[in-house]
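A.B. asks: Next up is a structure, given as structure tokens.
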Amino acid sequence: MPFAPTQVFCTNVRKAADAPLPDAVSRAARRSLFNVLGTAIGAARTEAVAALIATAEELGATGAVPVPGRRESLDPEWAAIVTGTAAHLDDFDDTHLATVIHPGAAVLAAVLALAPETRPDGSAVLTAFALGCEAQLRIGVAISPSHYDRGWHITGTCGVFGAAVAAGYLLGLDAERLGHALGIASTGTLGHREAFGSMTKPLHPGKAAAVGVSAARLAAAGLTAPEDPLGPGGVLPVFSEPVYDELQRGWDATWELEYNAFKPYPCGIVAHPAIDAAVGASPAVGDPGAITAVELTCHPLVPELMGRLQPADGLQARFSARHAAAVGLLDGEVGLRQFSDERAVEADVTRLRALIQLVPSPDCPRDSATIRVARAGAEPVVVHVEHARGSADRPLTDDELFTKVDRLVEPVLGAGAARKILAAVDGLAGAPGLDAVIEAVRPEVAK
Amino acid sequence: MIGTDAVLELVHAPVGEQAVRTADGALAKVRAAEPEPLLRVGVSASSTTGRAWLFGAAASRTSVEWAAVVAAVLALDAGAEAVAAGSAAARTVAEALGPPHVAAGWCLETTAGVVGAAAAAARVLGLRDKAVRYAIGIAATQASGLEAVRGTQLGAVQVARAAAAGVEAALLARNGFTAAEDPLAGRRGMYALMSAPR
Chain S
9 MPFAPTQVFC TNVRKAADAP LPDAVSRAAR RSLFNVLGTA IGAARTEAVA ALIATAEELG
69 ATGAVPVPGR RESLDPEWAA IVTGTAAHLD DFDDTHLATV IHPGAAVLAA VLALAPETRP
129 DGSAVLTAFA LGCEAQLRIG VAISPSHYDR GWHITGTCGV FGAAVAAGYL LGLDAERLGH
189 ALGIASTGTL GHREAFGSMT KPLHPGKAAA VGVSAARLAA AGLTAPEDPL GPGGVLPVFS
249 EPVYDELQRG WDATWELEYN AFKPYPCGIV AHPAIDAAVG ASPAVGDPGA ITAVELTCHP
309 LVPELMGRLQ PADGLQARFS ARHAAAVGLL DGEVGLRQFS DERAVEADVT RLRALIQLVP
369 SPDCPRDSAT IRVARAGAEP VVVHVEHARG SADRPLTDDE LFTKVDRLVE PVLGAGAARK
429 ILAAVDGLAG APGLDAVIEA VRPEVAK
Chain U
157 MIGTDAVLEL VHAPVGEQAV RTADGALAKV RAAEPEPLLR VGVSASSTTG RAWLFGAAAS
217 RTSVEWAAVV AAVLALDAGA EAVAAGSAAA RTVAEALGPP HVAAGWCLET TAGVVGAAAA
277 AARVLGLRDK AVRYAIGIAA TQASGLEAVR GTQLGAVQVA RAAAAGVEAA LLARNGFTAA
337 EDPLAGRRGM YALMSAPR
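Chains S and U, in that order, are what the protein sequence lines are.
Numbers 9 to 455, taken from my numbering, label the letters of the first sequence in order.
Numbers 157 to 354, taken from my numbering, label the letters of the second sequence in order.
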């Protein structure tokens, strides 16, 4: 066959699976895993996760698979749904900037779901995670940007493939069976952007994980799919105009996973340069009561996507660049607490938001911003951000990533938990299994 | 233009005698069928969604219309009226999707079918108001399945998955899980993504 993207793709996956992960890929995988464990734990006590767990328990879906940040153990399917959903819930998980795929959520969920029965050693866990993310991203690149632009939530649609590859690796599928797993997964793609703003958005990677695991299981049992599911007769041309060359590219050069980025703030990425500027200006500003006006020069997308002036709750606050800048100036940090329903309406925040003027400038790059804080009886404070933290030119440092995860997990697991999780993730390559990670991500049994 | 509300209204609407008779026949056929052993892999037969999967796999070996709807209702131990209502919802979604949907490669039996299955389950569970809307929304965003595999073993998998997802959507909505307000006719909803000419 002269043209068989799936065959080439799966052969490349197997080749990569049989070689040690390149150092840069291994580092990217560990950072992505650490971050996505943090976001899954950070969302473990939300209403959405409670609703999922209640449903799982109603269905009798308890089992041997642990859920990060929770005491419950569920069956593989429901553990996958809960973990994948929690990981993406606050939109704070890893982001591949070119495709806007959040690859870690569905893949983490698939790997955790199958770990108790496949007993992978630590290095196989990392490989499964890296392969699942990379497969997902490469398929995403082949259908970007038109697929997302049309309205598909690419994290769901591509998530099924990433989860199938990670699960297929853990189940020991060869290239041919892996192709069938992808074909089976292609009949269960999901995710409409209409669901944005509801609990169903994060459900997409959760269900994608469950679909991918089931697809890999069925392929392992011998179920077959039509030939070349990633090719012209498959689902990809239904989604977009695929660039098949992207699927057939070798895996020996740079991996897409290396471009996976980590958001420092739990809101739309366009406002991140402005938040950096506000947080940077905060120590010099002094008494917030002395602020008379704030001018924020930014990319035109900032007011377009995050133009809300006075949000009424935490969710709305995530769509307000003025809110983000105000809490950055007042609190000197911008985490989940700054987007709580309470903080969204507090008097000091409301007052300061009203003083902030967004000045969109076509000359301002997307990852830049300048803040000018005018004060009564003092010189203005001016901070310019060239490249925002978490952007391609200024990735989050390991320390910044640690701080982020620490703040996410501390309210759920207590002080010191992030340090344990990081040690377990960093030690995976030489670990006999996933036990240290599991122990670190679960609450201690009540004393 | 057939909006989301038109489908929501069908969930608790009265159903005709003829539709109930047809549904009774479909229920009997699926009860008498068995899923292929391969399709039992990884499925918990003790849970309602697992049962929906297995009935879906069995239903796809019969000639019943809206197999996913019939399977969802059987999993919930309910009867013909729910099948009739779910089928009416599926038919309405199918009509709204129109010919471009199948031409693009989608399988109506499972795309409209998952919404119909959620509608039937919402009726059985007695969901009201927002919960009905969200059950339909949770299902709609999962609409999938390819015409190319219809009638194959993999075709049975996609029917099974649709039946289970429909039941699951209604259970999730009952537990307070939220979804889009206008999942079918919204700007980035099911109809826009899955039937608009490209």
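Heads up, the beta-carbon is just placed ideally off N, CA and C, and yes, glycines get one too.
In this text, all values refer to a predicted model and were calculated from it rather than measured experimentally.
#1: Quick one: which residues of the segment 226–246 of chain S get their C-beta closer than 7 Å to a C-beta of chain U? List them in chain order.
#2: Quick one: list the residues of chain U neighbouring THR195 (chain S), beta-carbon separation under 7 Å, in chain order.
#3: Would DSSP call HIS470 (chain S) helix, strand or coil?
#4: Taking only beta-carbon positions, decide if ASP157 (chain S) is within less than 8 Å of chain U.
#5: Are there 16 or more other CB atoms within 10 angstroms of the CB of PHE17 (chain S), so buried, or fewer, so exposed?
#6: For the segment 42–114 of chain S, which segments carrying the alpha helix (DSSP H) assignment without a break, of at least 4 residues, lie completely within its bounds, in sequence order?
#7: Within 10 angstroms of its Cβ, does SER290 (chain S) collect 16 or more other Cβ (buried), or is it exposed?
#8: Can you check the segment 340–367 of chain S for any alpha helix (DSSP H) of at least 4 residues that lies completely inside it and give the ranges in chain order?
#9: For chain U, is any of its Cβ atoms less than 8 Å away from the one on HIS200 (chain S)?
#10: Within 8 Å (strictly less), CB to CB, does MET9 (chain S) reach chain U?
#11: Quick one: what does DSSP say SER376 (chain S) is sitting in, helix, strand or coil?
#12: How about GLU66 (chain S) and PRO272 (chain S): do their beta carbons lie closer than 8 Å?
#13: Closest to THR197 (chain S) by C-alpha separation, out of S:ALA172, S:ILE364 and S:SER206, would be which residue?
#14: Strictly below 7 Å CB to CB, what residues from chain U border ALA62 (chain S)?
#15: Can you tell me whether ILE151 (chain S) is helix, strand or coil according to DSSP?
#16: Indicate the three-state DSSP secondary structure (helix, strand or coil) for PRO388 (chain S) in the structure shown.
#17: Round the Cβ separation of VAL149 (chain S) and ALA216 (chain S) to the nearest angstrom and send it over; I've been treating them as touching at under 8 Å.
#18: Taking any Cβ of chain S, which residues in the segment 273–290 of chain U have a Cβ under 9 Å from it, in chain order?
#19: Give me the DSSP bridge partner(s) of GLU303 (chain S).
#20: CB-CB under 6 Å to LYS455 (chain S), same chain, minus the five flanking residues each way: which ones, in chain order?
#21: Please state whether DSSP places ARG217 (chain U) in a helix, a strand or coil.
#22: Are the Cβ atoms of VAL197 (chain U) and LEU210 (chain U) separated by less than 8 Å?
#23: Within the 8 Å Cβ cut-off, does ASP83 (chain S) reach chain U?
#24: Between the segment 108–116 of chain S and the segment 423–436 of chain S, can you find at least three pairs of beta-carbon atoms closer than 8 Å?
#25: Give the interface partners of ILE192 (chain S) over in chain U, defined as CB-CB distance under 7 Å, in chain order.
#26: Express the C-alpha separation of LEU116 (chain S) and GLY92 (chain S) in angstroms, rounding to a whole number.
#27: Kindly indicate if chain U contains any beta-carbon less than 8 Å away from that of GLY68 (chain S).
#28: Comparing alpha-carbon positions, which option in S:PRO28, S:ILE89 and S:ASP31 lies nearest ALA58 (chain S)?
#29: What number of angstroms, rounded off, separates the C-alpha of ARG158 (chain S) from the C-alpha of VAL186 (chain U)?
#30: VAL310 (chain S) by DSSP, collapsed to three states: which one?
#31: Counting only beta-carbon atoms, is GLU387 (chain S) nearer than 8 Å to chain U?
#32: Mind checking if THR163 (chain S) is an interface residue toward chain U, Cβ cutoff 8 Å exclusive?
#33: Identify the contact partners of GLY198 (chain U) in chain S, using a Cβ-Cβ distance below 9 Å as the criterion.
#34: Let me check one thing: in DSSP terms, what residues is ARG38 (chain S) bridge-paired to?
#35: Counting pairs of Cβ atoms below 8 Å between the segment 37–53 of chain S and the segment 413–420 of chain S, do you hit three or more?
#36: Assign ASP83 (chain S) to buried or exposed, taking buried as 16 or more other Cβ atoms, counted over all protein chains shown, within 10 Å of its Cβ.
C.D. replies: Reading off the structure:
#1: LEU226, ALA229, GLY230, LEU231, ALA233, PRO234, GLY241, VAL243 and VAL246
#2: The sequence position of residue 195 (chain S) within the first sequence is 187, counting from 1. The answer, in chain order, is SER300, GLY301, LEU302, VAL305, LEU310, VAL313 and GLN314.
#3: This structure leaves residue 470 (chain S) out entirely; chain S is present only between 9 and 455.
#4: Along the first sequence, read from residue 1 onward, the residue named residue 157 (chain S) stands at position 149. No, ASP157 (chain S) does not count as interfacial toward chain U.
#5: By one-based count along the first sequence, residue 17 (chain S) stands at place 9. So PHE17 (chain S) counts as buried.
#6: 55–66 and 84–97
#7: Residue numbering aside, residue 290 (chain S) sits at position 282 when the first sequence is read from its first letter. The residue in question, SER290 (chain S), is buried, as its Cβ has 16 or more Cβ neighbours within 10 Å.
#8: 349–352 and 355–363
#9: Counting from one through the first sequence, the residue named residue 200 (chain S) turns up at place 192. Judged by the 8 Å Cβ criterion, HIS200 (chain S) is in contact with chain U.
#10: Locating residue 9 (chain S) in the first sequence gives position 1, counting from the first residue. With a pLDDT of 43 at MET9 (chain S), under the threshold of 50, the predicted position of this residue should be treated as unreliable, though the coordinate-derived value follows. For MET9 (chain S), the answer is no, since every Cβ of chain U falls outside 8 Å of its Cβ.
#11: Numbered from 1 along the first sequence, position 368 holds the residue referred to as residue 376 (chain S). The answer is coil: DSSP assigns SER376 (chain S) none of H, G, I, E or B.
#12: Taking the first residue of the first sequence as position 1, residue 66 (chain S) is located at position 58. Taking the first residue of the first sequence as position 1, residue 272 (chain S) is located at position 264. Against a cut-off of 8 Å, the Cβ pair of PRO272 (chain S) and GLU66 (chain S) comes out as no contact.
#13: Along the first sequence, read from residue 1 onward, the residue named residue 197 (chain S) stands at position 189. Among S:ALA172, S:ILE364 and S:SER206, the Cα nearest to that of THR197 (chain S) is on S:ALA172.
#14: Walking along the first sequence from the start, residue 62 (chain S) turns up at place 54. The answer, in chain order, is ASN331.
#15: Locating residue 151 (chain S) in the first sequence gives position 143, where the first residue counts as 1. Three-state DSSP puts ILE151 (chain S) in coil, outside helix and strand.
#16: Looking up residue 388 (chain S) in the first sequence gives position 380. In this structure, PRO388 (chain S) counts as strand in the three-state DSSP scheme.
#17: Counted from its first residue, the first sequence places residue 149 (chain S) at position 141. Counted from its first residue, the first sequence places residue 216 (chain S) at position 208. Contact flag wrong, Cβ pair sits at about 17 Å.
#18: TYR290
#19: Within the first sequence, numbered from 1, the residue matching residue 303 (chain S) stands at position 295. S:GLN365 and S:ARG380, per the DSSP bridge assignment.
#20: Sequence index remark: in the first sequence, residue 455 (chain S) carries index 447 (1-based). Below a pLDDT of 50, predicted positions are generally treated as unreliable, and LYS455 (chain S), at 39, falls in that range; the measurement from the model is reported next regardless. Nothing listed; no residue qualifies.
#21: To locate residue 217 (chain U), count along the second sequence from 1; it is residue 61. In the structure shown, ARG217 (chain U) sits in coil (DSSP, three-state: anything other than H, G, I, E or B).
#22: The residue labelled residue 197 (chain U) in the question sits at position 41 within the second sequence. The residue labelled residue 210 (chain U) in the question sits at position 54 within the second sequence. No, Cβ-Cβ distance for VAL197 (chain U) and LEU210 (chain U) is not below 8 Å.
#23: Here residue 83 (chain S) refers to the residue found at position 75 when the first sequence is read from its first residue. Yes, its Cβ sits closer than 8 Å to a Cβ of chain U.
#24: no
#25: One-based indexing of the first sequence puts residue 192 (chain S) at position 184. Ordered by position in chain U, the residues that pass the 7 Å Cβ test against ILE192 (chain S) are LEU310 and VAL313.
#26: To locate residue 92 (chain S), count along the first sequence from 1; it is residue 84. To locate residue 116 (chain S), count along the first sequence from 1; it is residue 108. Going from the Cα of GLY92 (chain S) to the Cα of LEU116 (chain S) covers about 7 Å.
#27: Here residue 68 (chain S) refers to the residue found at position 60 when the first sequence is read from its first residue. Chain U, which has a Cβ nearer than 8 Å to the Cβ of GLY68 (chain S), makes this yes.
#28: Taking the first sequence and counting its residues from 1, the one referred to as residue 58 (chain S) is at position 50. The candidate whose alpha carbon is nearest that of ALA58 (chain S) is S:ILE89.
#29: In the first sequence, counting from the first residue as 1, residue 158 (chain S) sits at position 150. In the second sequence, counting from the first residue as 1, residue 186 (chain U) sits at position 30. Distance between the alpha carbons of ARG158 (chain S) and VAL186 (chain U) is about 38 Å.
#30: Taking the first residue of the first sequence as 1, we reach residue 310 (chain S) at position 302. Note: VAL310 (chain S) maps to helix in three-state DSSP.
#31: On the first sequence, residue 387 (chain S) is found 379 positions in, with the first residue counted as 1. No, GLU387 (chain S) lies away from the interface with chain U (no Cβ there is under 8 Å from its Cβ).
#32: As a first step, residue 163 (chain S) is located in the first sequence; it is residue number 155 there, counting from the start. Closer than 8 Å: no.
#33: Position 42 of the second sequence, counted from the first residue, corresponds to residue 198 (chain U). Those are PRO84, GLU85, VAL221, SER222, ARG225, LEU226 and ALA229, listed as they occur along chain S.
#34: Numbered from its first residue, the first sequence carries residue 38 (chain S) at position 30. Looking at the DSSP assignment, ARG38 (chain S) forms no beta bridge with any residue, so it has no partner.
#35: yes
#36: The residue you call residue 83 (chain S) lines up with position 75 of the first sequence. Per the 10 Å Cβ criterion, buried.
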